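**Q** Protein chains in written order, with the working numbering: chain A, 1 to 377; chain B, 1 to 377.
Idealized CB from N, CA, C, for every residue including glycine.
As the structure is a computational prediction, the values presented were derived from the model and not from experiment.
What follows is a structure written as structure tokens; I'll ask about it next.
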């Protein structure tokens, strides 16, 4: 099957770029002397996961218990569920652990720690947990220096559950600008999580795992002293947001949406395609960057970007392609039925709109495989 | 099963509100003397479709050939595929028609008309098509008064295919403000499509179908002279964007996302829940309205809105609930594990993130059914 024979819109994965992206971060993390625990929420695919993890058994990070369940069914045995645990999800956690999966949970309150400890005691199976640390005010977590909270949570866990360590995520790095700012995010992320680990240890609590990560900081850190593992997800595919902050180039982006030209509004300089926001997602992550890529950058069927051509607006199943405002580039001569490929703002969001990857290698338009991906909770 | 027993996040559908919404538009359309061809792209559910259509056989509108295929398999026989046809999709159209489905396509260029006519001649089965008319510069379509283009497309179709009529969609109505502006959108939509129909008829071409619609204009039109059918989708569920433009009230919104509290950042006035943008979608359709609802309005588990409480920010699987900026309302006392329901900005976008509806009736938290929904292409 060739790309031009596929029904559109559909998701295309360039395996050459993916392999290069994976090798790049693996080499970095190895140089830094830590372990990589890839975040599988970006790919949600067993085929991709196997090409990213250290081994078929993991380690891995997930964002939902559905991911945990499906990756466990595919043989992954070392899984971190990196979203704050709700008490109502502990039965499912225990069931997965009873099947031999070392599933860890994350939390940042005494109430959660008590719920995890109670469920552990009642089942006779201690659930391991990481305490989330808030390194940059971005989302969840205990402040790195909040010894009272850290120790109280740790002690509550140790009454039945198992304190496995600390975790943080520099969510603020997605809006950082420039190499210096990114390096600062990475160092801040490291300092925060190591400070929390030291507080726990000073209180006589265990803290074997010190986990941090985001794609921007993983690619910017120069020292990970005190850290045991790095988590990152988007690095596998990259996207326009990552290119916009300088962590990759446009030519590194492995994911694109294949679309077909379905119309023109020639007076307005519009080309209409059958990939709207349902196919691209509504992520507009580049809209606040220095270059607003609209809903995505338009390439030819072989993946070569046209000059200054973007999806500037979208309805549910319609994308409106135009030359970037202010550009002197000409609209390419695309006829009804022609195919284009559109690079996404955010790989996690665009991937989530699709049920499989159509795998190609570089500029070769031969589809060598179709890999299923899953969604939902 | 009760709502508080469901795993979160998940989609909740209030059947009482849905039935009221459907009855309201059906009564309007009947009064206006036209037929309703509901757009099933919002619900993507056979169970919902059967409660919205005139009969189990239709008529219906769809936005993808996957919808056409799955609704056809469920017995729908009169289907309009309302996105400009690509030549590569005609084989699938012909296959559905060969199964006895009266599937119509839409187009706005001579190139598409020629492709449809050629495929019709080669298969010996004329494909019926509507010419799309651009009533408000919003997206696709021929200008209503562009007689040359309309007649050229109609004539190209009639060389093998079948010109079934004209269609338009007042996409601009989604950003109209106030009843007068909405009425004007509706009248403009009607005038444009009727003008195009008259041009075709004056040229001796057939035009039995004159199709228009959007939820705002369907609820605002007072005269549909010359029109044969109305299309609308969001009216079934409604959403915050529709409430913001005044087409419904917040209490009409039938769709919500059930979420669980997973944390607090008390110093910042944040409550964290397990519904992020993956569960809500990234639709920010209210961000340019007079009231920005963030990623959604937060209600208690029975569907009653808290005062000025919204999801003000979101990550993939985290929602950050706050009091609306500038409000003097207090943050409700929600504990870890408590459930909330979040009303969406855009029913089509939020629905698309989920694989089923959990059906309740009004403030009763008993889940009386789970209806599957589908996605993809």
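1. Starting from the Cα of residue 133/A, find the closest Cα among 282/A, 111/A, 106/A, 114/A and give me that residue.
2. I need the boundaries of the alpha helix (DSSP H) containing residue 215/B, first residue and last residue.
3. Among the residues of its own chain, which have a CB less than 6 Å from the CB of residue 44/A, if the five just before and after it don't count?
4. Can you tell me which of the three DSSP states residue 272/B falls into?
5. For the beta strand (DSSP E) that residue 132/B lies in, which residues bound it at each end?
6. To the nearest angstrom, how far is the alpha carbon of residue 186/B from that of residue 223/B?
7. For residue 372/B, return the contacting residues in chain A, with the cut-off set at a CB-CB distance below 9 Å.
8. Show which residues of chain B have a CB atom less than 8 Å away from the CB atom of residue 274/A.
9. Any beta carbon of chain B sitting closer than 8 Å to that of residue 315/A?
10. For my contact list, residue 219/B and residue 236/B are in at a C-beta cut-off of 8 Å; report their separation, rounded to the angstrom.
11. Quick test of the definition: if touching needs 3 or more C-beta pairs under 8 Å, does the region 157-171 of chain A touch the region 114-129 of chain A?
12. So the beta strand (DSSP E) residue 383/B belongs to, where does it begin and stop?
13. Below 8 Å, can you find three or more Cβ-Cβ pairs linking the region 247-261 of chain A to the region 50-61 of chain A?
14. For the 8 Å Cβ check, are there 3 or more pairs between the region 273-283 of chain A and the region 14-29 of chain A?
15. With a threshold of 8 Å between beta carbons, is residue 149/B in contact with chain A?
16. Please state if the CB of residue 241/B and the CB of residue 346/B are separated by a distance shorter than 8 Å.
17. Where does the unbroken alpha helix (DSSP H) through residue 120/A begin, and where does it stop?
18. What is the DSSP secondary structure of residue 167/A, counted as helix, strand or coil?
19. Which of the three DSSP states is assigned to residue 322/A in this structure?
20. Residue 301/A and residue 341/A: beta carbons closer than 8 Å?
21. Please work out which residues of its chain come closer than 6 Å, Cβ to Cβ, to residue 46/A, disregarding the five sequence neighbours upstream and downstream, and give them in chain order.
22. Which chain B residues sit within Cβ distance under 8 Å of residue 153/A?
23. The alpha helix (DSSP H) that contains residue 66/A, what's its start and end?
24. Kindly list the residues whose CB is nearer than 7 Å to the CB of residue 366/B, restricted to its own chain and excluding five residues on each side of it in sequence; keep chain order.
25. Counting pairs of Cβ atoms below 8 Å between the region 261-272 of chain A and the region 312-322 of chain A, do you hit three or more?
26. Take residue 87/A as the anchor and find which of 5/B, 322/B, 176/B has the nearest alpha-carbon.
27. Nearest CA to the CA of residue 206/B: which residue from 307/B, 122/B, 104/B, 166/B?
28. For residue 278/B and chain A, any beta-carbon pair shorter than 8 Å?
29. Counting only runs of 3+ residues fully inside the region 287-347 of chain B, write out the beta strand (DSSP E) ranges in chain order.
30. Where does the unbroken alpha helix (DSSP H) through residue 82/A begin, and where does it stop?
31. Does DSSP put residue 1/B in a helix, a strand or coil?
32. Check whether chain A comes within 8 Å of residue 426/B, counting only Cβ atoms and requiring the distance to be less than that.
33. Cβ of residue 41/B less than 8 Å from any chain A Cβ?
34. On the three-state DSSP scale, how would you describe residue 284/B?
35. Using DSSP bridges, identify the partner residues of residue 372/A.
36. Residue 227/A and residue 210/A: beta carbons closer than 8 Å?
**A** In terms of the structure at hand:
1. 106/A
2. Boundaries of the alpha helix (DSSP H) around residue 215/B: 215-218.
3. The beta carbon of residue 44/A is closer than 6 Å to those of 373, 374 in its chain, skipping five residues each way along the sequence.
4. strand
5. 128-133
6. 9 Å
7. For a Cβ distance threshold of 9 Å, nothing in chain A lies close to residue 372/B: the least Cβ distance comes to about 11 Å.
8. 83, 84, 86
9. yes
10. Separation of the CB atoms of residue 219/B and residue 236/B is rounded to 12 Å, and the pair is thereby denied contact status at 8 Å.
11. yes
12. Missing from the structure shown is residue 383/B; chain B here goes from 1 to 377 and no further.
13. no
14. No: fewer than three Cβ pairs fall under 8 Å.
15. no
16. yes
17. 110-123
18. The three-state reading of DSSP puts residue 167/A in strand, counting E and B together.
19. strand
20. yes
21. Closer than 6 Å at Cβ, skipping near neighbours: 74.
22. None at all; the shortest Cβ gap to chain B is about 12 Å.
23. 65-73
24. 2, 360
25. yes
26. 5/B
27. 166/B
28. yes
29. 297-299, 305-314, 319-323, 339-343
30. Taken as a continuous stretch (DSSP letters only), residue 82/A belongs to no alpha helix (DSSP H), as it is neither H nor E.
31. Of the three classes helix, strand and coil, the one that applies to residue 1/B here is coil, per DSSP.
32. Since the first residue shown for chain B is 1 and the last is 377, residue 426/B is missing from the structure and cannot be characterised.
33. yes
34. Coil.
35. 356/A
36. Yes, the Cβ-Cβ distance between residue 227/A and residue 210/A is below 8 Å.
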